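What follows is a short report on a single structure.
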Amino acid sequence: MDPERATLEQLADEYTAAMRESEKLAFFVRDAELQTQQIDGLIALKRRIQGFKYGARKAGDERAANMLFHLQCGLNAMISFLTMWIELKKGDHHSAWNCVVDAEEYVSIALRAADAGEGLEDFLQHVKLAEQVIFPGYPVYNSMGAVIRGGKCTVCELPFNRCEHIEGRVYWGRLCVRIHPEIVDMDHVAMVDEPRDRRCVITEITTNDGYYHDYMTLKKTRRAEDKEEGTAGRLTGVIFHNQLLEID
Amino acid sequence: MWGYPAVIIVEAFRLMSAHSSYECPLSGAALEERLTSREPKLTIKQLGPVEDDMSARADESILLLPLNWQSAENGPLYSASTESVAKLFSQEGVVAETLSPLTAETNLKDERAMDWVAPTLLVSSLLVSQNSMAVSLALSVMANYVTDLFKGIRSDPNVKLTVIQTEQRGKTAREIHYEGPASGLSALTKVLSSRELKD
Chain R
37 MDPERATLEQ LADEYTAAMR ESEKLAFFVR DAELQTQQID GLIALKRRIQ GFKYGARKAG
97 DERAANMLFH LQCGLNAMIS FLTMWIELKK GDHHSAWNCV VDAEEYVSIA LRAADAGEGL
157 EDFLQHVKLA EQVIFPGYPV YNSMGAVIRG GKCTVCELPF NRCEHIEGRV YWGRLCVRIH
217 PEIVDMDHVA MVDEPRDRRC VITEITTNDG YYHDYMTLKK TRRAEDKEEG TAGRLTGVIF
277 HNQLLEID
Chain B
57 MWGYPAVIIV EAFRLMSAHS SYECPLSGAA LEERLTSREP KLTIKQLGPV EDDMSARADE
117 SILLLPLNWQ SAENGPLYSA STESVAKLFS QEGVVAETLS PLTAETNLKD ERAMDWVAPT
177 LLVSSLLVSQ NSMAVSLALS VMANYVTDLF KGIRSDPNVK LTVIQTEQRG KTAREIHYEG
237 PASGLSALTK VLSSRELKD
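Protein chains in written order, with the working numbering: chain R, 37 to 284; chain B, 57 to 255.
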């Protein structure tokens with residue numbers, strides 16, 4: 037069977053149509069079943085676009101590969117945003133929070149991959165507004181400092197110090213990231229108002245009633261340990277989020 | 057209680073608005089930018105002499121230093137951005153090198169806050185006076201890189217950069233610490249040039 041062929045323009049049209057259709061479903065009140073079906077459709081389109089991206093790579097066309105990666109990240113952003121609504125309806129607010137951060141980060145990667153109109157910037161504004169309305173906001177996040185060494189480049193898989201690729205840039209439709217570094221020392225965990233990873237949030241906090249409360253829902257989650265002298269309270273949180281976004 | 061009764065304030069606004077009209081020159085992203093703009097913080101402190109070898113190398117090219125360059129007892133510890141910045145400098149034609157070779161065994165400090173921590177730079181006043189373009193190009197390359205890195209997340213990301221500037225062949229030095237938006241990095245060129253005649 038001959039492999040499917042398509043031009044960048046045809047794929048961009050398919051992408052635009054899918055994104056427009058998805059926007060109609062990107063509200064809390066839309067049916068979760070319909071949202072799930074839409075996500076399935078977006079995943080199928082994304083897989084096709086990824087396939088064409090590998091084709092562009094094989095043909096030695098880096099610009100086309102980056103454009104297709106832009107579309108792939110745009111679709112991933114929409115998938116994350118629709119998933120956020122589904123997670124909210126399921127009552128999994130922390131997972132919904134991770135989805136909204138994923139959506140924003142996918143847009144950021146897409147914008148780095150290629151400049152392709154202003155559609156994604158408008159979408160990003162929409163996501164940010166939704167975030168502000170839905171979630172109470174976090175005054176502080178956890179931010180870890182570590183001493184690391186080594187690691188490999190996701191573009192060429194060579195040791196990071198031996199390749200020419202620059203972290204955070206997109207090459208041949210793939211984001212350059214340092215993976216698998218050796219963690220030599222966990223230096224500190226700080227509370228900051230602007231972390232690099234906004235998934236590193238406080239999840240529970242104790243109050244004067246002697247219970248831990250979910251930081252997002254404020255519901256009691258469990259009895260707190262006895263208060264120690266000089267301690268105002270206790271909290272739990274995420275200090276490192278290990279999940280990597282789809283970067284290839 | 058402080059303040060005026062609300063009714064008086066409303067009346068005052070009514071009277072004012074009868075005589076004046078105002079325009080809102082900024083809106084949307086531009087307004088957001090203005091409301092959240094940050095003034096760069098610049099601190100300068102004098103340091104003692106710098107090793108002859110380092111100072112001599114800094115006359116030829118910008119040196120990327122480890123964070124603990126003054127007392128690297130347990131080996132050098134570089135900022136995690138150093139490898140990428142060294143590659144960028146090389147690709148963009150900035151005359152620069154790291155103080156020691158970066159290997160798979162080199163320790164890197166990875167800060168996971170939103171601020172982008174640049175490698176510490178060592179420049180000599182001689183280099184600044186003879187090749188001022190090198191420094192301004194280095195600053196502009198870093199500013200462009202970090203702006204691109206934070207696309208869609210922050211329009212003018214925060215940068216932390218320390219520059220050590222040697223004078224009189226390393227007999228004296230000063231540490232300039234910049235903390236502020238990437239767009240303000242270029243202003244450092246002027247600060248560094250202000251000392252060039254002393255060498």
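Every residue, glycine too, gets a C-beta built ideally from N, C-alpha and C. Here the structure is a predicted model, which is why all the values come from computation and not from measurement.
Give me the residue from R/T190, R/E265 and R/D245 with the minimum Cα distance to R/I283. R/T190
Under the three-state DSSP convention, the category R/A100 falls into: helix
Outcome for B/T176 when other beta-carbon atoms lying within 10 angstroms are tallied against a minimum of 16: buried
What is the DSSP secondary structure of R/A182, counted as helix, strand or coil? strand
CB contact below 7 Å: B/M198 versus chain R: no
Going by DSSP, name the residue or residues bridged to B/T99. B/H233
Exposure label - R/T43; buried when at least 16 CB within 10 Å: exposed
Looking at the structure shown, is R/G173 part of a helix, part of a strand, or coil, going by DSSP? coil
So, is R/S58 buried or exposed, given that buried needs 16 or more other C-beta atoms within 10 angstroms? buried
For R/V65, which three-state DSSP category applies? coil
Between the stretch 176 to 192 of chain B and the stretch 214 to 222 of chain B, are three or more C-beta pairs nearer than 8 Å? yes
On the criterion of 16 or more Cβ atoms from any shown chain inside 10 Å, does R/Q168 qualify as buried, or is it exposed? exposed
Nearest-angstrom Cβ-Cβ length linking B/L244 and B/I232, presumed shorter than 8 Å: 7 Å
How many Å lie between R/C135 and B/Q186 at the Cα? 52 Å
Measuring alpha carbon to alpha carbon, tell me which residue in B/E153, B/E167, B/L119 and B/T154 is nearest R/I184. B/E167
Assuming R/V237 and R/V213 make a contact with CB atoms under 8 Å, what is their CB distance in whole Å? Contact flag wrong, Cβ pair sits at about 22 Å.
Can you list the residues of chain R that B/R225 reaches, using a CB-CB cut of under 9 Å? None at all; the shortest Cβ gap to chain R is about 31 Å.
Identify the residues that DSSP records as bridge partners of R/I219: which are they? R/I184
From the DSSP secondary-structure annotation, give me the bridge partner or partners of R/I85. Partner(s): none; R/I85 has no beta bridge.
For R/D138, name the three-state secondary structure that DSSP assigns. helix
Can you tell me whether B/S250 is buried or exposed? The criterion is at least 16 other CB atoms within 10 Å of its CB, across all chains shown. exposed
Excluding sequence positions up to five away, which residues of its chain have a Cβ less than 7 Å from the Cβ of R/E69? none
When the Cα of B/F145 is compared with those of B/A229, B/S192 and B/N214, which residue comes out closest? B/S192
DSSP state of R/N31 mapped onto helix, strand, coil: Coverage of chain R is limited to positions 37 through 284, which leaves residue 31 of chain R absent and any answer about it impossible.
Whose C-beta lies closer than 8 Å to the C-beta of B/P61 among residues of the same chain, with five residues either side of it excluded? With a pLDDT of only 39 at B/P61, under the threshold of 50, the placement of this residue in the model should not be trusted; the figure read from the coordinates follows. Hits under 8 Å: none found.
Quick one: which residues of the stretch 151 to 177 of chain B get their C-beta closer than 8 Å to a C-beta of chain R? List them in chain order. L158, T159, A160, E161, T162, N163, L164, K165, D166, E167, R168, A169, M170 and D171
Applying a beta-carbon distance threshold of less than 8 Å, which residues of chain B neighbour R/D76? Correct list: empty, because the minimum Cβ distance to chain B is about 26 Å.
Under a three-way DSSP split, which group does B/T162 fall into? coil
Cβ of B/E139 less than 7 Å from any chain R Cβ? yes
B/G240: contacting residues in chain R (beta-carbon distance under 7 Å): Near B/G240 there are no residues of chain R at all, since even the closest Cβ is about 17 Å away, more than 7 Å.
DSSP state of R/I283, grouped into three classes? coil
Let me see if you follow: with CB-CB separation under 7 Å, is B/P132 close to chain R or not? no
Taking Cβ-Cβ distances shorter than 7 Å, what residues in chain B pair up with R/P231? R168, A169 and M170
Do we get a CB-CB distance below 7 Å when we pair R/S144 with the residues of chain D? Here chain D cannot be found, since the structure's protein chains are R and B.
Taking all protein chains shown into account, decide if B/M198 is buried (16 or more other Cβ within 10 angstroms of its Cβ) or exposed. buried
So which residues of chain R does B/L144 contact, with C-beta pairs closer than 9 Å? I202
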